[in-house]
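There are 2 protein chains.
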Amino acid sequence: MRDDIHTKGIPVLCASCEARHRGLCGALSDDQLVELARSTMRQKADDGKVLVGDEDEVERFSNVLSGVVKLTKTLSDGRQQIVGLQFAPDFVGRPFRSESSVSAEAATGVEVCSFPRRTLERMMAEQPGLEHRLLQQTLRELDEARDWMVALGRKTAAEKVASFLLMIAQNIDPAATEGQGADRSQAFDLPLSRGEIADFLGLTIETVSRQLTRLRTAGVIRIENTRHVVVEDVSRLAARAGG
Amino acid sequence: MRDDIHTKGIPVLCASCEARHRGLCGALSDDQLVELARSTMRQKADDGKVLVGDEDEVERFSNVLSGVVKLTKTLSDGRQQIVGLQFAPDFVGRPFRSESSVSAEAATGVEVCSFPRRTLERMMAEQPGLEHRLLQQTLRELDEARDWMVALGRKTAAEKVASFLLMIAQNIDPAATEGQGADRSQAFDLPLSRGEIADFLGLTIETVSRQLTRLRTAGVIRIENTRHVVVEDVSRLAARAGG
DNA sequence: CGGAGCATTGAAAAGTATCAAGCTAAGTGG
DNA sequence: CCACTTAGCTTGATACTTTTCAATGCTCCG
Numbered sequence: 019m020r021d022d023i024h025t026k027g028i029p030v031l032c033a034s035c036e037a038r039h040r041g042l043c044g045a046l047s048d049d050q051l052v053e054l055a056r057s058t059m060r061q062k063a064d065d066g067k068v069l070v071g072d073e074d075e076v077e078r079f080s081n082v083l084s085g086v087v088k089l090t091k092t093l094s095d096g097r098q099q100i101v102g103l104q105f106a107p108d109f110v111g112r113p114f115r116s117e118s119s120v121s122a123e124a125a126t127g128v129e130v131c132s133f134p135r136r137t138l139e140r141m142m143a144e145q146p147g148l149e150h151r152l153l154q155q156t157l158r159e160l161d162e163a164r165d166w167m168v169a170l171g172r173k174t175a176a177e178k179v180a181s182f183l184l185m186i187a188q189n190i191d192p193a194a195t196e197g198q199g200a201d202r203s204q205a206f207d208l209p210l211s212r213g214e215i216a217d218f219l220g221l222t223i224e225t226v227s228r229q230l231t232r233l234r235t236a237g238v239i240r241i242e243n244t245r246h247v248v249v250e251d252v253s254r255l256a257a258r259a260g261g
Numbered sequence: 019m020r021d022d023i024h025t026k027g028i029p030v031l032c033a034s035c036e037a038r039h040r041g042l043c044g045a046l047s048d049d050q051l052v053e054l055a056r057s058t059m060r061q062k063a064d065d066g067k068v069l070v071g072d073e074d075e076v077e078r079f080s081n082v083l084s085g086v087v088k089l090t091k092t093l094s095d096g097r098q099q100i101v102g103l104q105f106a107p108d109f110v111g112r113p114f115r116s117e118s119s120v121s122a123e124a125a126t127g128v129e130v131c132s133f134p135r136r137t138l139e140r141m142m143a144e145q146p147g148l149e150h151r152l153l154q155q156t157l158r159e160l161d162e163a164r165d166w167m168v169a170l171g172r173k174t175a176a177e178k179v180a181s182f183l184l185m186i187a188q189n190i191d192p193a194a195t196e197g198q199g200a201d202r203s204q205a206f207d208l209p210l211s212r213g214e215i216a217d218f219l220g221l222t223i224e225t226v227s228r229q230l231t232r233l234r235t236a237g238v239i240r241i242e243n244t245r246h247v248v249v250e251d252v253s254r255l256a257a258r259a260g261g
C-alpha cells in the first residue's frame, strides 16, 4: 500500500506533493504539515521569473515542485555564473541569514511551494528531524557544488558540455545512466538555453554550441530542435565527460 | 570573565580548544564533551600527510585545531582540483555517507582532533544543537564553494590570484580586510605552494607565478621568500579581485 | 659543494573568446 | 497567407589568454 494514498489529515495542497516524500516535508507529522500549509503558497512561474533577487531580504523559502530553478551569482561587471540547479523536490533558500548572496530564477516554467522563513525556523527548533533533512540536502548540494568546481577548474570545454548533458540525463532518469542501463539511449529536453549552459559551465554561448555540434557530428547525441536532445549511447557520452 | 577559564569538568584535551568555542563542540555540554573526549585522538601531521583518502571508508571525523587542510578531487588522468580549504576550527568529514568523495590532506603542518563517526552520529541524534552547528558549518562551506565557482568559471587568471590572496588575508585577520582597515598593509604566510594555488584556482603553476610577479611589479604585494607575502594595500588588491 | 625540489621566466602552441555573419523557428501584422 | 521581425542558435575568421615545453634560478640540506 502506498504512503500517498493515506491523505487523511493531510492538507490538500500536500496530498500529491513530492516534497512530502523525498523532500523536506518528509520530516513533518500530519499535524505539522497542516500547520506549515496554513502559511504556504503554491505558485507557478514562467521561465525567467526571478524568485529571489541577489540582494533581497529573503522572507520566504520554497520547495520546487516541478521545473528547474537556477541559482546564479553575478560579478559587478555583469559576468554571470550559475552555481546550482534545483530540481523537484529541492529546497530553495538560505536559512539563518537574511540576505541570499545568490539569485534564484525559474529556468523553465516552475511550480514552487513557499512559506515564511519564520515558520520554518520555528518548526525546525521544535522538530529536529526537519533540521536533519535540511542538513542532508545541504550536504548533497555541497557535494554537487564541489563536483562542478572540478569541472569548472579542470575540465576542457568538450568535457564540460558532456558532463552537463550527463548530469541532466541523470536527473531526468537516474536509472538510465548508471550500471547496466548505461548503454541505452535516452531523450530529454534541456532545461537551459545555450546561454544558460554557458553560464553554468564557465564558457561562452559559441563554445557550447560548437561542442554540441561536435557531439552531434560524432554521433554521440542527436539534436531534434535545440532543446530536445537524444543521447544515443549514454556510456559513450560518459566517456567524453572526463574521469 | 572568560569562558575558557572555566575548565571544571572539561577534558584537558578540550580546555584550550578553539572548536569548543567557535566550532562544533560549542554545542556540547560539559558531560557530552567528556563523553566525546573519551574516544578522541589529538594528532599532529606534517604537510602532505593524507588524512582521508579519496576512496577511504571514513571512520573518523576531525576538527582542525591549527594549520590548513585542503580538500581535493582528482580526475582519473591525474588532473586535480582543490575544492575546499579548512582552517581552525573547521570540521572535516562527510556525515551520513561512508565514502568521502574528496581527499583531505594537510596543506601545512596541522593539528587535528579526531573521533569515530559513530560517536558523533550517536551524539547528534540525542543533541540537536550538534546537528545545528553542523548545518551552519555546511551552509558556510556551501557559500564558499559557490563563491569559488564564480571565480573558477568567470574570473581571469589575474582576478583569481588576487581573490585567493584576499581570501587568505581574510582568514588570517578578518578585521584587516573589511571596511575601514582595508587600506592598511597586511603580512602573512601562504599556506599553499604555487602548485597547490594552481590546483585551487584551476590554473597552472606558471600562470600563478606570472600573476604573482605582475602583482609584485605593480607594487600591490611584496614577496619576501615565496611563502611570505606582504599586501601593501588591501583595497588595491581587492580592486583586482573582480567584483 | 652539490643535489633536489620549487619557483620564475621565455617562447611557442593550443584552446577558448570575441567579433561578425548567417541561419532557423516562432511570432506579428499587413 | 505571406512577408517581416525577432530571439536564439550556429558557423567562420581572428585575436587573445592561458597552457605547454624548455631552460634557468633560487634555497634549503645533506
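Residue numbers (this note's numbering), protein chains in the order written: chain A, 19 to 261; chain B, 19 to 261. Cβ coordinates follow ideal geometry from the N, Cα and C atoms, glycine included.
Of all residues in the region 136–153 of chain A, only P146, E149, H150, L152, L153 place a beta-carbon less than 7 Å from a beta-carbon of chain B. For B/S119, the C-beta contacts it makes with chain A under 9 Å involve D161, R164, D165, in order along the chain. The straight-line gap separating the alpha-carbon atoms of A/K178 and A/D48 is approximately 43 Å. Beta-carbon to beta-carbon, A/V82 and A/D108 are separated by about 5 Å, close enough to satisfy the 8 Å threshold. For B/V82, the nearest beta carbon of chain A is not closer than 7 Å to its own beta carbon. Within the DSSP bridge table, the entry for B/L184 names no partner. Residue burial is scored here from C-beta neighbours: B/K62 has fewer than 16 other C-beta atoms within 10 angstroms and is therefore classed as exposed. Our two residues, B/H39 and B/M185, have alpha carbons roughly 23 Å apart in a direct line. B/E77 has its alpha-carbon roughly 6 Å from the corresponding atom of B/P134. B/A106 sits away from B/S80, with the two beta carbons spaced by 7 Å or more. Residues of chain A whose Cβ lies closer than 9 Å to the Cβ of B/S94 are, in chain order, G260, G261. Among the bridge pairs identified by DSSP, A/G102 is matched with A/L89. Non-local beta-carbon contacts of A/E250 in its own chain, meaning distances under 7 Å to residues more than five positions away in sequence, involve S203, G237, V238, I239, R240 in chain order.
Under the Cβ criterion of 7 Å, A/R228 is not counted among the residues facing chain B. Per the coordinates, the alpha-carbon of B/S94 lies some 12 Å from the alpha-carbon of A/R258.
Residue pairing from DSSP leaves B/F218 without any beta-bridge partner.
In this structure, DSSP gives B/Q61 an extended state, which the three-state scheme calls strand. Rounded to the nearest whole angstrom, the C-alpha separation of A/S181 and B/E117 is 22 Å.
Among the residues of chain B, those whose CB is under 8 Å from the CB of A/P113 are L153, L157, following chain order.
The DSSP assignment places 135–144 as complete runs of the alpha helix (DSSP H) inside the region 90–161 of chain B, in order along the chain (cut-off: 4 residues). Cβ-Cβ distances below 6 Å link A/K88 to I100, L103, E123, A125 in the same chain, with the five nearest sequence neighbours on each side left out; the list follows chain order. Secondary structure at B/D207: strand, using DSSP grouped into helix, strand and coil. Annotated three-state conformation of A/E77 is coil, per DSSP.
The way I'd put it, the region 223–233 of chain B doesn't touch the region 136–155 of chain B; fewer than three beta-carbon pairs between them come closer than 8 Å.
Taking B/T90 as the centre and dropping the five residues before and after it, the same chain places the C-beta of Q98, I100, S121 closer than 6 Å to its C-beta, in chain order.
DSSP places B/V226 inside the alpha helix (DSSP H), whose first and last residues are 223–235.
Per DSSP, the beta-bridge partners of A/R240 are A/V248. Residue environment analysis places A/E196 among the exposed positions, since fewer than 16 neighbouring C-beta atoms fall within 10 angstroms of its C-beta. For B/L69, the enclosing beta strand (DSSP E) covers residues 68–70. Counting only Cβ-Cβ distances below 7 Å, B/L170 has contacts in chain A at M167, L170, G171, G220, in chain order. Following the DSSP letters along the chain, one finds B/E53 inside the alpha helix (DSSP H) bounded by residues 48–56. In the three-state reduction of the DSSP assignment, B/S84 falls in the strand class, which pools E and B. Chain A places no beta carbon closer than 7 Å to that of B/K88, leaving this residue out of the contacts.
Going by beta carbons, B/G260 and B/K173 fall inside the 7 Å limit. The beta carbon of B/S57 sits closer than 7 Å to the beta carbons of F133, P134, T137 from its chain, once the five residues preceding and following it are set aside; these are given in chain order. Counting along the chain, the unbroken alpha helix (DSSP H) around A/A33 starts and ends at 30–33.
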